[in-house]
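For reference, the structure discussed in these notes is given below.
2 protein chains.
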Amino acid sequence: MRRMTARPGNAHQARLLRLLRDGGPNSRAQLGDQVDLSRSKLAVEVDRLLETGLVVADGLAASRGGRRSHNIRLNPELRFLGVDIGATSVDVAVTNAELETLGHLNQPMDVREGPVAVFEQVLAMAAKLRASGLAEGFDGAGIGVPGPVRFPEGVPVAPPIMPGWDGFPVREALSQELGCPVMVDNDVNLMAMGEQHAGVARTVADFLCVKIGTGIGCGIVVGGEVYRGTTGSAGDIGHIQAVPDGRPCACGNRGCLEAHFSGAALARDATEAAQQGLSDELAQRLEANGGLTAVDVSAAAAAGDATALDLIREGGNHTGQVIAGLVSFFNPGLVVIGGGVTGLGHTLLAAIRTQVYRQSLPLATGNLPIVLGELGPTAGVIGAARLISDHLFSPA
Amino acid sequence: MRRMTARPGNAHQARLLRLLRDGGPNSRAQLGDQVDLSRSKLAVEVDRLLETGLVVADGLAASRGGRRSHNIRLNPELRFLGVDIGATSVDVAVTNAELETLGHLNQPMDVREGPVAVFEQVLAMAAKLRASGLAEGFDGAGIGVPGPVRFPEGVPVAPPIMPGWDGFPVREALSQELGCPVMVDNDVNLMAMGEQHAGVARTVADFLCVKIGTGIGCGIVVGGEVYRGTTGSAGDIGHIQAVPDGRPCACGNRGCLEAHFSGAALARDATEAAQQGLSDELAQRLEANGGLTAVDVSAAAAAGDATALDLIREGGNHTGQVIAGLVSFFNPGLVVIGGGVTGLGHTLLAAIRTQVYRQSLPLATGNLPIVLGELGPTAGVIGAARLISDHLFSPA
DNA sequence: CCTCTTTGTCCTGTGAGTGGAAAAAGTAGG
DNA sequence: CCTACTTTTTCCACTCACAGGACAAAGAGG
Numbered sequence: 029m030r031r032m033t034a035r036p037g038n039a040h041q042a043r044l045l046r047l048l049r050d051g052g053p054n055s056r057a058q059l060g061d062q063v064d065l066s067r068s069k070l071a072v073e074v075d076r077l078l079e080t081g082l083v084v085a086d087g088l089a090a091s092r093g094g095r096r097s098h099n100i101r102l103n104p105e106l107r108f109l110g111v112d113i114g115a116t117s118v119d120v121a122v123t124n125a126e127l128e129t130l131g132h133l134n135q136p137m138d139v140r141e142g143p144v145a146v147f148e149q150v151l152a153m154a155a156k157l158r159a160s161g162l163a164e165g166f167d168g169a170g171i172g173v174p175g176p177v178r179f180p181e182g183v184p185v186a187p188p189i190m191p192g193w194d195g196f197p198v199r200e201a202l203s204q205e206l207g208c209p210v211m212v213d214n215d216v217n218l219m220a221m222g223e224q225h226a227g228v229a230r231t232v233a234d235f236l237c238v239k240i241g242t243g244i245g246c247g248i249v250v251g252g253e254v255y256r257g258t259t260g261s262a263g264d265i266g267h268i269q270a271v272p273d274g275r276p277c278a279c280g281n282r283g284c285l286e287a288h289f290s291g292a293a294l295a296r297d298a299t300e301a302a303q304q305g306l307s308d309e310l311a312q313r314l315e316a317n318g319g320l321t322a323v324d325v326s327a328a329a330a331a332g333d334a335t336a337l338d339l340i341r342e343g344g345n346h347t348g349q350v351i352a353g354l355v356s357f358f359n360p361g362l363v364v365i366g367g368g369v370t371g372l373g374h375t376l377l378a379a380i381r382t383q384v385y386r387q388s389l390p391l392a393t394g395n396l397p398i399v400l401g402e403l404g405p406t407a408g409v410i411g412a413a414r415l416i417s418d419h420l421f422s423p424a
Numbered sequence: 029m030r031r032m033t034a035r036p037g038n039a040h041q042a043r044l045l046r047l048l049r050d051g052g053p054n055s056r057a058q059l060g061d062q063v064d065l066s067r068s069k070l071a072v073e074v075d076r077l078l079e080t081g082l083v084v085a086d087g088l089a090a091s092r093g094g095r096r097s098h099n100i101r102l103n104p105e106l107r108f109l110g111v112d113i114g115a116t117s118v119d120v121a122v123t124n125a126e127l128e129t130l131g132h133l134n135q136p137m138d139v140r141e142g143p144v145a146v147f148e149q150v151l152a153m154a155a156k157l158r159a160s161g162l163a164e165g166f167d168g169a170g171i172g173v174p175g176p177v178r179f180p181e182g183v184p185v186a187p188p189i190m191p192g193w194d195g196f197p198v199r200e201a202l203s204q205e206l207g208c209p210v211m212v213d214n215d216v217n218l219m220a221m222g223e224q225h226a227g228v229a230r231t232v233a234d235f236l237c238v239k240i241g242t243g244i245g246c247g248i249v250v251g252g253e254v255y256r257g258t259t260g261s262a263g264d265i266g267h268i269q270a271v272p273d274g275r276p277c278a279c280g281n282r283g284c285l286e287a288h289f290s291g292a293a294l295a296r297d298a299t300e301a302a303q304q305g306l307s308d309e310l311a312q313r314l315e316a317n318g319g320l321t322a323v324d325v326s327a328a329a330a331a332g333d334a335t336a337l338d339l340i341r342e343g344g345n346h347t348g349q350v351i352a353g354l355v356s357f358f359n360p361g362l363v364v365i366g367g368g369v370t371g372l373g374h375t376l377l378a379a380i381r382t383q384v385y386r387q388s389l390p391l392a393t394g395n396l397p398i399v400l401g402e403l404g405p406t407a408g409v410i411g412a413a414r415l416i417s418d419h420l421f422s423p424a
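Going down the list, the sequences are from chains A and B. My numbering puts the last residue of the first sequence at 424; the count rises by one with no breaks. My numbering puts the last residue of the second sequence at 424; the count rises by one with no breaks.
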């Protein structure tokens, strides 16, 4: 099938497309209530959008006491691909133009295998989704990688945990393979966009989204827009010093947050504790699986294991301390905690909250919710779809 | 004299006013090169601006090989008042519409005397400037206060070091007294705007401006715009923990940056050192003046006093540590250091740089200048004038 | 069947804006 | 002084976006 390649011809059309994306099917009258355009102008722009095929008529709506309205909706055949490459796994999802997830695959995989191997995997997963009848092709794709990205070019730069990816033309390459427009961003930023689009951050203009996975990163949203920094490394909070003269970190410094708390650090600490015989629960799991991960700690904590709970609490304290500093600095309206370790749940959240509320000034914390992400593992792929749709639904 | 009250009637006019403000007198042709409007449209808008009196004709420019152009400039009789209220002194300056400082007064004063006393002082200083023939009246005023501000209303909120100012309608009151529009902001934000307009940050979109005075604050500029946070307290970095279980701070916590380094902390440390006989230089000054301030430490350091240098270095280390965290998080294109303690100069700067370059990742620090502010004590008042001119030079 | 309400289309007037032509005001060289 | 060429500015006709009223279409309710 031929894919849509049209783009909105002006800002009004872009505005309408986004309204339809975020609000679903709408009548001309309803759209008119939201955009401050005359009915005639609106009709013209809607007609042009209908011509491009980006939107289609969608039957009659129920009457509200007068003539029934003709609904308009985004073309239901449009498909976006959302890809979220983590350090240890890949998520791929298909959405429609309203960014509803139609299918979602997840596979373990090590980014360190390099871009070629990973892309092969991603393309195979995309093909599988296509084969299952969810899509005949893609109109756009968003992709998140676990490291800094030079955003305009869509190229990873100096990614610490992704050897072999530095300078690899992700955007260009994937665009070639898929035959559609592609945008690339940091995975944390995509998580933030996901929570903003469909999660807890829907109504907040300025917020932080802290993702604790294999590493730790932070998405920054300013005035509804993701802030990426001068070189694309904004939000890289994993190497902020949390403990003076603390543990050595892979980056060469000591006491980095990531060295003290992250999926990797937690697994290591738990293994150590198990070997020292501090926790039967963890020791059993270590024996059973031959190794421990954050998931084991989570399970042990859920079973009431004191050592596991302590590890989580201590990590939460360190994380909370760093976040407290960021809250003082940034004064966000919301802090979202997400990533692989959200399984640690409320123990972690409580520790973080305690630190932040104690350390930051009342004016900044007075009305500051600190919550877990709502979307879990789908935040990234939804954010990816949102990224590419924002790009496509803007004037050409 | 009747003051101008006109405002630009559309975005084009606002654009032109800002170009004339930032670039000085310009011909229609030169303006045309910068704004992407047709000659005719441009002529129309310029004519309208001439009608309002905001801009005036300014004679003929030199020929560039053809017909000489008629220069246009902002009305040279326009006057802005810039007020910078610090913890221990007040700066008041008069500028023209191009934000050139025409006169500048500085007086010691304690903000804790409350808004009424301070305003009396400010108005007296403004009157003095007016009496000296620099202005017949003011077309707008910007004012900076050393604490968080609810920006849209121009009202200080919960300012820690300004008892009696909480909720005082600064904007409203000053607007009444001066009979012109007024905008209020945090003094640190104004410093950032000052350095952005006329100082080191002219070409940078995203930067941080750290002001070390009686307290410590940080102006945040994102995409050329000051970021103020959800409740107006963004940049309040004085109470970020710099030393775990460090010194008690007035805020109730321990180890806050401000407790370890700021004008106040430095004065206290120096006094202590002098009393303990660690430094003859400082002891002499203590005896001579009956007390020590940051200025004394600065002078002692300049004279080579080891104790003073140590104090500065240690303070710089703490500050640098906090800034390193902010750099990792925010990934700015520039860090400006300013405020009262810039007299400490390169000793301080070196200590800060060392910490930041050591602790933050190369991608964030690779091309990151960390420099002293260029404008010194005038940054605040210039920023204040810039604030109100930005407001007045935007569509009504 | 009639009236009222809501939705959608048509049409015309207005004002913004573009771009070409011409006028105005120079310079440079013979 | 005259001519050729530049640059700046004004003038004018034409296009296009857009608003807003009139009107048609379609339904609800009595």
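Positions of the beta carbon are idealized from the N, C-alpha and C atoms, including for glycine. Just so it is clear, the structure is predicted and the values come from calculations on it, not from any experiment.
For residue i, does the count of other Cβ atoms within 10 angstroms reach 16, so buried, or fall short, so exposed?
i: residue 354(B); result: buried
i: residue 144(B); result: exposed
i: residue 412(A); result: buried
i: residue 184(B); result: buried
i: residue 67(A); result: exposed
i: residue 119(B); result: buried
i: residue 315(B); result: exposed
i: residue 231(B); result: exposed
i: residue 405(A); result: buried
Does DSSP put residue i in a helix, in a strand, or in coil?
i: residue 271(B); result: coil
i: residue 176(A); result: coil
i: residue 73(A); result: helix
i: residue 321(A); result: coil
i: residue 61(A); result: helix
i: residue 43(B); result: helix
i: residue 91(A); result: coil
i: residue 32(A); result: coil
i: residue 97(B); result: coil
i: residue 109(B); result: strand
i: residue 102(A); result: strand
i: residue 130(B); result: strand
i: residue 182(A); result: coil
i: residue 86(B); result: strand
i: residue 80(A); result: helix
For residue i and residue j, which I take to be in contact (beta-carbon distance under 8 Å), what is that distance rounded to the nearest angstrom?
i: residue 96(A); j: residue 85(A); result: With a Cβ gap of about 13 Å, residue 96(A) and residue 85(A) do not count as contacting.
i: residue 212(B); j: residue 245(B); result: About 15 Å separates the two Cβ atoms, so there is no contact after all.
i: residue 425(B); j: residue 182(B); result: Any question about residue 425(B) goes unanswered here, given that chain B covers just 29 to 424.
i: residue 325(B); j: residue 352(B); result: So it is not a contact: roughly 24 Å between Cβ atoms.
i: residue 403(A); j: residue 227(A); result: 5 Å
i: residue 363(B); j: residue 250(B); result: Actually they are not in contact, since the Cβ atoms of residue 363(B) and residue 250(B) sit about 14 Å apart, beyond 8 Å.
i: residue 243(B); j: residue 286(B); result: 5 Å
i: residue 429(A); j: residue 423(A); result: As shown, chain A starts at 29 and ends at 424. That puts residue 429(A) outside it, with no answer to give.
i: residue 166(B); j: residue 107(B); result: 5 Å
i: residue 209(B); j: residue 416(B); result: 7 Å
i: residue 65(B); j: residue 101(B); result: Their Cβ separation, rounded to whole angstroms, is 19 Å, which puts residue 65(B) and residue 101(B) out of contact at 8 Å.
Would residue i and residue j qualify as a contact pair, given that the criterion is a beta-carbon distance under 7 Å?
i: residue 341(B); j: residue 379(B); result: yes
i: residue 176(A); j: residue 114(A); result: no
i: residue 235(A); j: residue 265(B); result: no
i: residue 338(A); j: residue 309(A); result: no
i: residue 195(A); j: residue 126(A); result: no
i: residue 391(A); j: residue 261(B); result: yes
i: residue 73(A); j: residue 40(A); result: yes
Pick out the complete beta strand (DSSP E) segments inside the region 353-403 of chain A, 3 residues or longer, and give them in chain order.
-> 363-366, 398-400
Give, in chain order, every unbroken run of the beta strand (DSSP E) that is at least 3 residues long and sits entirely within the region 224-298 of chain B.
-> 235-240, 244-250
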